[in-house]
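> Sending over a structure as structure tokens; questions will come in a sec.
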Amino acid sequence: MALKPAQKALGPIRRSFAPWLDPAAVPLIRFENVTKRFGDFTAVDDVSINIHQKEFFALLGPSGCGKTTLMRMLAGFEAPTSGRITLAGKDLAGVPPYRRPVNMMFQSYALFPHMTVAQNIGFGLRQESYAKSEIEARVTEMLRLVKLEGFGSRKPHQLSGGQRQRVALARSLAKKPKVLLLDEPLGALDKKLREETQFELMDLQQDLGLTFLIVTHDQEEAMTVADRIAVMNHGKLVQVATPGDIYEQPNCRYVADFIGDINILEAKVASVQGGAARLAVQDPTAEISVAVSEAAPASGADVAFAVRPEKMRIALEPPPEGAANVLKGEVWDIAYFGDWTKFLVKLDGSEKIVRVSRANMARTEAAPISWDDKVHVWFAPDAGVLLTG
Amino acid sequence: MTDVLTPDPEAPRAIAQAPDASPADVGGGRWKRAALIAVPYVWLLVLFLAPFFIVLKISLSDTVIAQPPYQPVLDLANGWRGVVDWWNGLDFENYQILFEDELYVASYLSSLKIATISTLLTLAIAYPMAYAMARAPKSIRPTLLMAVILPFWTSLLIRVYAWIGILNPEGLLNQFLLWTGIIHEPLYIMNTETAVYIGIVYSYLPFMVLPLYSSLEKLDETLLEAAADLGSPPWRSFWQITVPLSLPGVVAGCFLVFIPACGEFVIPDLLGGSETLMIGKTLYNEFFLNRDWPVSSAIAVLLLLVLVVPIAIYNNIQAKELGGKA
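Following this line, the structure appears as structure tokens:
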């Protein structure tokens with residue numbers, strides 16, 4: 001699956017791939033106000049999403065947020081209580097799963113234990129009227145694609161977890177589905193293999209030109225593979241955006257908090273002037289200045305200022321002259337990760353702890369920051385985002 | 001019935017690791033292991049092999065009007081001579097009789113036929129039952145299971161007698177059918193082979209339902225979803241996924257029905273007519289009416305040999321299955 005460098009000239013394609021910004025583009029999959037209730041429980045609550053051709057789309061959220069139900073409705077295993085799902089303009093209501101041009105890779109892989117690897121991969125093809133030689137050729141091609149040549153006659157239980165995952169992937173790709181659904185596809189793999197497979201999945205998706213819809217609770221996985229991410233919570237869609245936007249421009253506290261590490265300072269807007277605002281932070285009492293967009297909240301509004309640890313600076317000595325938003329504190333805890341270090345700083349005059357991370361660019365340091373050190377923490381006005389929701 | 005098709009992948013590793021887990025108690029562990037393995041062997045020896053050899057010995061003896069009704073009898077009072085006399089007194093005469101008299105061959109063949117047909121009938125009835133039970137809501141499954149086992153609480157004899165009351169020309173079935181007007185003459189089911197089939201299928205149904213249920217209940221439903229996702233309609237998924245994965249249950253159920261049905265005595269005796277030949281009934285007649293212990297023992301030994309063949313084939317298949325997994 002790993003492509004040769006010569007083949008991998010996808011930079012410009014990927015960089016300009018944003019059909020969701022084009023109002024004329026027709027989405028491949030449309031969820032229109034889809035709601036699913038199981039008894040009293042609302043699993044999916046009025047969700048509308050458009051997914052475009054060749055997009056790698058991720059549904060991200062904690063377990064029980066409705067992301068899997070949403071995917072199962074597209075596969076045909078559940079019917080929406082209300083709303084509509086269309087694929088290539090065709091309403092999918094009433095179309096049974098075995099007639100839908102989508103294939104799914106199951107979280108448990110769901111390989112047929114009584115069939116060999118080759119029979120598993122060829123299962124979907126055998127359901128259609130393909131010639132035997134055609135099926136064999138396709139199975140061989142799929143085995144090569146997932147680098148399992150020579151494993152065709154094995155049974156699933158004779159394979160390792162990673163190999164089973166590849167068989168499941170090959171089986172779901174064998175019929176060249178319009179959309180490939182991936183339900184937590186890498187959950188059972190260890191970290192190294194998972195990272196490797198994430199990149200392979202991306203290359204594969206680019207290579208085959210298919211539309212992938214992945215369900216995951218792992219935000220790193222979603223950020224790595226997806227063109228766009230839909231963050232869900234309690235059955236509701238919270239934000240749909242590119243990984244960069246989700247991380248840098250979260251639209252509410254939930255997304256900011258769910259994705260990555262973040263410091264949230266509760267504040268009141270003191271004044272707004274042009275593109276800048278002064279915020280009165282409540283705990284500890286301090287005033288900070290932040291950059292705001294045109295749709296800034298009015299003075300006196302309750303807001304939260306969210307700033308990522310890596311966008312804050314930390315030092316023993318005071319920051320250079322003119323630095324905005326300087327807070328003082330004491331190092332509470334240190335977590336050393338090798339490539340970077342995270343400092344937990346207890347702010348003076350408060351119980352509030354902020355997280356500041358710093359890349360370890362040099363191997364040694366003359367005066368390293370240590371436990372209980374008095375430190376300065378500061379950030380630029382545009383380092384964080386103002387959240388109202 | 002072991003789960004042939006979905007073994008725990010971790011199991012062989014766990015076994016392989018066990019010996020080197022703690023070198024200190026390897027010596028003691030070996031004895032413990034031997035003792036543990038000995039238990040089932042002693043059990044088989046005492047409760048299966050010993051009675052079998054007694055029956056085998058009687059089958060090689062001659063009939064006499066005495067107590068016991070056969071000879072030679074091992075007389076250890078005469079020392080070694082007694083043993084030699086005893087050994088010389090054994091012969092295969094009774095087996096010869098079994099092959100020469102058509103009654104016995106016909107009984108064996110008829111038993112095999114009746115057992116085969118009733119096994120297939122039982123399978124046809126039990127499969128949908130077990131399937132429905134395995135797909136029923138989890139909360140009512142124990143109740144359904146109980147309903148299958150419940151008839152065991154009444155003696156088989158009484159239940160078979162009850163069928164006489166149902167199948168009689170004046171029985172419940174005929175009364176009902178006459179009342180509805182479907183028939184105008186009572187059906188003569190009693191004392192025919194049909195009655196024997198009804199009796200066997202009824203009596204052995206739980207033995208088929210239980211192994212089928214246990215293999216169907218284990219079936220992972222995501223496999224059926226995966227099959228549907230790959231374009232297989234439900235009826236095809238049934239043949240492609242459900243049936244192959246329930247085969248261990250089918251095989252186990254068929255053996256549990258076929259083997260006792262072959263030697264069945266009570267049901268053909270009570271429900272069947274005089275023309276229904278079954279080896280169990282013939283054996284009974286030889287033993288209790290003719291008091292010919294040696295011939296009836298020979299019948300029993302031959303029946304065992306007849307039944308050992310399919311069991312050996314089955315074991316062979318299963319061993320290959322397991323060997324292929326290694």
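First to last, the protein sequences are chains A and B.
In terms of UniProt numbering, the first sequence opens at residue 1 and continues consecutively.
In terms of UniProt numbering, the second sequence opens at residue 1 and continues consecutively.
We put the CB at the ideal spot given by N, CA and C, even for glycine.
Computed from a predicted structure; not experimentally measured.
If you measure from the beta carbon of B/ALA21 to each beta carbon in chain A, is any gap under 9 Å?
In this prediction, B/ALA21 scores a pLDDT of 44, lower than 50, which makes its location untrustworthy; the coordinate-derived value is nonetheless stated afterwards. For B/ALA21, the answer is no, since every Cβ of chain A falls outside 9 Å of its Cβ.
> Provide the residue(s) that pair with A/ARG72 in DSSP beta bridges, ordered along the chain.
The partner list for A/ARG72 (beta bridge, DSSP) is empty, contrary to what the question assumes.
> Going by C-alpha distance, which of A/ASP203, A/VAL238, A/HIS234 is nearest A/ASP227?
Ranking A/ASP203, A/VAL238, A/HIS234 by Cα distance to A/ASP227 puts A/ASP203 first.
> Do you know offhand how far A/THR216's Cα is from B/LEU245's?
Straight-line Cα distance between these residues: approximately 30 Å.
> Please list, in chain order, the chain B residues whose beta carbon lies closer than 9 Å to that of A/SER293.
Per Cβ cutoff of 9 Å: no residues; A/SER293 is ~44 Å from chain B at best.
> Mark A/SER370 as exposed unless 16 or more other C-beta atoms lie within 10 angstroms of its C-beta, in which case mark it buried.
A/SER370 is exposed by the Cβ-count criterion.
> How is A/HIS376 classed by DSSP in three states: helix, strand or coil?
DSSP places A/HIS376 in strand when its eight states are reduced to three.
> Distance, Cα to Cα, A/LEU182 vs A/ILE246?
When rounded, the distance between both Cα atoms is 21 Å.
> With which residues is B/GLN71 paired in a DSSP beta bridge?
In DSSP, B/GLN71 forms a bridge with B/ASP62.
> CA-CA distance, B/SER118 and B/TYR213?
Going by the C-alpha atoms only, they are around 19 Å apart.
> In this structure, does DSSP put A/ARG99 in helix, strand or coil?
It is helical.
> For B/SER274, which option in B/ALA300, B/ALA195, B/ILE317 has the closest C-alpha, if you only look at C-alpha atoms?
The shortest Cα separation from B/SER274 among B/ALA300, B/ALA195, B/ILE317 belongs to B/ALA195.
> Using the three-state DSSP reduction, which class does A/GLN273 fall into: helix, strand or coil?
Residue state, collapsed to three classes: strand.
> Give the range of the alpha helix (DSSP H) segment to which B/ALA134 is assigned.
Start and end: 102 to 135.
> Taking B/THR222 as the query, report the chain A residues whose CB atoms sit under 8 Å from its CB, ordered along the chain.
Those are PHE106, SER108, ALA110, listed as they occur along chain A.
> Assuming A/PHE151 and A/GLN165 make a contact with CB atoms under 8 Å, what is their CB distance in whole Å?
The pair is not a contact, with the Cβ atoms about 13 Å apart (cut-off 8 Å).
> So, is the C-beta of A/VAL377 closer than 9 Å to a C-beta in chain B?
No, A/VAL377 does not count as interfacial toward chain B.
> For a contact meaning CB atoms closer than 9 Å, what does B/PRO244 contact in chain A?
In chain order: PHE112, HIS114, MET115.
> Along the chain, where does the beta strand (DSSP E) that runs through A/ASP333 open and close?
326 to 336 is the span of the beta strand (DSSP E), which, as asked, contains A/ASP333.
> Strictly below 7 Å CB to CB, what residues from chain A border B/ALA241?
As written in the sequence, residue 241 of chain B is Ile, which differs from the Ala given in the question. What B/ILE241 touches in chain A: PHE112.
> In whole angstroms, what is the alpha-carbon distance linking A/GLU149 and A/PRO243?
Spanning the two alpha carbons is a distance of roughly 35 Å.
> Short check: CB of A/VAL269 to CB of A/GLY300, under 9 Å?
In contact: A/VAL269 and A/GLY300 (Cβ atoms closer than 9 Å).
> Can you give me the C-alpha to C-alpha distance between A/GLY124 and B/GLU225, rounded to a whole angstrom?
Looking at the two C-alpha atoms, the distance is approximately 12 Å.
> Between which two residues does the alpha helix (DSSP H) harbouring A/ARG138 extend?
A/ARG138 -> alpha helix (DSSP H) spans 132 to 145.
> Name the residues in the region 124 to 141 of chain A whose C-beta lies less than 9 Å from a C-beta of chain B; which are they?
Residues passing the 9 Å Cβ filter: GLY124, LEU125, ARG126, GLN127, GLU128.
> Hey, is A/ALA43's beta-carbon within less than 9 Å of any beta-carbon in chain B?
With 9 Å as the cut-off, A/ALA43 does not count as an interface residue toward chain B.
> Run through chain B and tell me which residues come within less than 9 Å of A/TYR98, C-beta to C-beta.
Within 9 Å Cβ-Cβ: ALA227, ALA228, ASP229, LEU230, GLY231, SER232, PRO233, PRO234, ARG236, SER237.
> For B/PRO23, I'd like the list of residues in its chain whose CB is within less than 6 Å of its CB, leaving aside the five on either flank, ordered along the chain.
Confidence is the limiting factor: at B/PRO23 the pLDDT is only 48, short of 50, which leaves the residue's position unreliable and the question unanswerable from this model.
> Return the residues of the region 49 to 77 of chain A that lie within a Cβ-Cβ distance of less than 7 Å from chain B, sorted by chain order.
If the cut-off is 7 Å between Cβ atoms, the region 49 to 77 of chain A has ALA75, PHE77 near chain B.
> Counting only C-beta atoms, is A/ARG171 closer than 9 Å to chain B at any point?
Taking Cβ atoms only, chain B reaches closer than 9 Å to A/ARG171, which makes this a yes.
> Rounded to a whole number of angstroms, what is the C-alpha to C-alpha distance between B/ALA21 and B/ARG30?
Annotation note: pLDDT 44 at B/ALA21 (below 50); position unreliable, no value reported.
> With DSSP collapsed to three states, give me the class of B/ASN290.
In the structure shown, B/ASN290 sits in coil (DSSP, three-state: anything other than H, G, I, E or B).
> Is A/LYS175 close to chain B? Criterion is C-beta to C-beta, closer than 9 Å.
Answer yes: the Cβ-Cβ gap between A/LYS175 and chain B drops below 9 Å somewhere.
> May I ask you to report which of helix, strand or coil DSSP gives B/LYS218?
The answer is coil: DSSP assigns B/LYS218 none of H, G, I, E or B.
> Less than 8 Å between the CB atoms is what I'm expecting for A/ASN103 and A/LYS175, so what's the real figure, rounded?
Going by Cβ atoms, the distance from A/ASN103 to A/LYS175 rounds to 6 Å, so yes, they are a contact pair.
> Between the region 173 to 191 of chain B and the region 94 to 102 of chain B, can you find at least three pairs of beta-carbon atoms closer than 8 Å?
Touching, no.
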